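This report concerns only the one structure given below.
In full-length UniProt numbering, the protein residues as written are 1 to 376.
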């Protein structure tokens, strides 16, 4: 069991935490660090969904209270990837991360063949690094900066910068800490950096993505999710009252909403997933697709609400009651009586049931009497 382990920073990636341990202990061997942390030299330095968290937890100081589940939920991208998954998949993925190898984890999530591409290099926000240096004297890698489709910092709104650290190329068993060497190069701002509309959309995507990392309720019943989406589509007139989706209207609205950011985020151009996500969910969708769909709904105006008034209640005056009584006793038909009283036939039918059996009066020459009506 380790006698030292660094205190985590806000939104820190587990990869970063282990990299800082390697640097703080002045270890000269990456494999030696793996042995210290996991009790094995064959563990891969995975960024998004690392395995062997149970073994790691058993090697950490007890006072850190870093259980395997806490490591998965607070320091990996696990909450993001399971946010829209069925509960059984959530449990299966969590077990894979905590109790064994995480090989094929994206296949278990059903997103192994997704068109959403993950960043190859670790990314950072220059403003976040400046803050970290001021507060703690060192940089670190943040979870929110490594999420697919996230191109700006959710806190500062500035474009993220690629570091020179590419874990899949030559660093598979090495945790590399953020420092001035791998994060110090000047980068050319992207062409969309000065486009206000594009930045606004990308910031919304980044903030919604980061919010999934902090969610405490993992997973969602696909039947409930489909029903929720259908209700939202009907409410925004993308679907009929029966739930039939107007795909052309939906795709046109998507293109209009996200047009400013298409050049920045290629995932906005291919929309075959949009056709499927509004149907019964027979397979998993990437979290980014759920985020984009939710953003589309939020930026689409709902149909105006129609006020539903309660039925009008007729308040019959004494004169009205007397005339109705007389007409009924004279044997006038339903419609003739209604015309004479200037009311609806249903009103005559309703009120005639309550008329006491009194002697009729002569109403043939009386003009129609208005009926007082109020909203009940």
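A virtual CB, placed ideally from N, CA and C, is assigned to each residue, including glycine. All values derive from a computational prediction rather than experimental measurement.
Next item on the list: To the nearest angstrom, report how far apart residue 339 and residue 348 are at their CA atoms.
Entry: 10 Å
Next item on the list: Please specify which runs of the alpha helix (DSSP H), each continuous and at least 4 residues long, are wholly inside the UniProt domain "TniQ" (4-160), giving them in chain order.
Entry: 14-24, 30-38, 53-59, 68-75, 78-82, 87-99, 105-108 and 126-136
Next item on the list: May I ask which residues mark the beginning and end of the alpha helix (DSSP H) holding residue 197?
Entry: 196-213
Check: In the segment 238-314, which residue ranges form an unbroken beta strand (DSSP E) of at least 3 residues, counting only runs that do not cross its ends?
Finding: none
Check: Should residue 273 and residue 289 be called a contact, given that it needs their Cβ atoms to be closer than 8 Å?
Finding: yes
Next item on the list: Could you tell me the distance, in whole angstroms, from the CA atom of residue 95 to the CA atom of residue 13?
Entry: 19 Å
Note to self: Just to confirm my understanding: we take residue 332, look at its own chain, exclude 5 residues before and 5 after, and list those with CB closer than 8 Å. What are they?
What the structure shows: 340
Next item on the list: Note down the Cα distance separating residue 275 from residue 247, rounded to an integer number of angstroms.
Entry: 7 Å
Next item on the list: Report the option in 201, 48, 22 and 4 whose CA atom is closest to the CA atom of residue 104.
Entry: 48
Checklist line | Nearest-angstrom Cβ-Cβ length linking residue 19 and residue 175, presumed shorter than 8 Å | finding: 4 Å
Check: Between which two residues does the alpha helix (DSSP H) harbouring residue 180 extend?
Finding: 180-183
Note to self: Residues in the same chain with beta-carbon distance under 6 Å from residue 286, minus the five sequence neighbours each way, listed in chain order, please.
What the structure shows: 111, 114 and 116
Notebook entry, point to check: Under the three-state reduction of DSSP, which class applies to residue 344: helix, strand or coil?
Noted result: coil
Check: How would you call residue 4, buried or exposed, if buried means at least 16 neighbouring beta carbons within 10 angstroms?
Finding: exposed
Check: Cα separation between residue 140 and residue 158?
Finding: 17 Å
Check: Alpha carbon to alpha carbon, how far is residue 165 from residue 9?
Finding: 20 Å
Check: For residue 208, which option in 144, 237, 180 and 230 has the closest C-alpha, if you only look at C-alpha atoms?
Finding: 144
Next item on the list: Sort out for me which residues DSSP pairs residue 162 with in a bridge.
Entry: 123
Check: Roughly how many angstroms separate the alpha carbons of residue 216 and residue 99, rounded to a whole number?
Finding: 21 Å
Check: What residue does the alpha helix (DSSP H) around residue 230 start on, and which one ends it?
Finding: 222-235
Next item on the list: Using the Cα positions of residue 101 and residue 78, report the straight-line distance between them to the nearest angstrom.
Entry: 14 Å
Margin query: One question on the structure: do residue 236 and residue 300 come within less than 8 Å of each other, judged by their Cβ atoms?
Written below: yes
Check: Closest to residue 302 by CA distance: which of 232, 342 and 258 is it?
Finding: 232
Next item on the list: Can you say whether residue 28 is buried or exposed, counting buried as having 16 or more other CB atoms within 10 angstroms of its CB?
Entry: exposed
Next item on the list: For residue 52, count neighbouring C-beta atoms within 10 Å of its own C-beta (all shown protein chains included) and say buried if the count is 16 or more, exposed if not.
Entry: buried
Check: Roughly how many whole angstroms lie between the Cα atoms of residue 64 and residue 71?
Finding: 11 Å
Next item on the list: Figure out for me which residue from 263, 61 and 282 has the closest Cα to the Cα of residue 86.
Entry: 282
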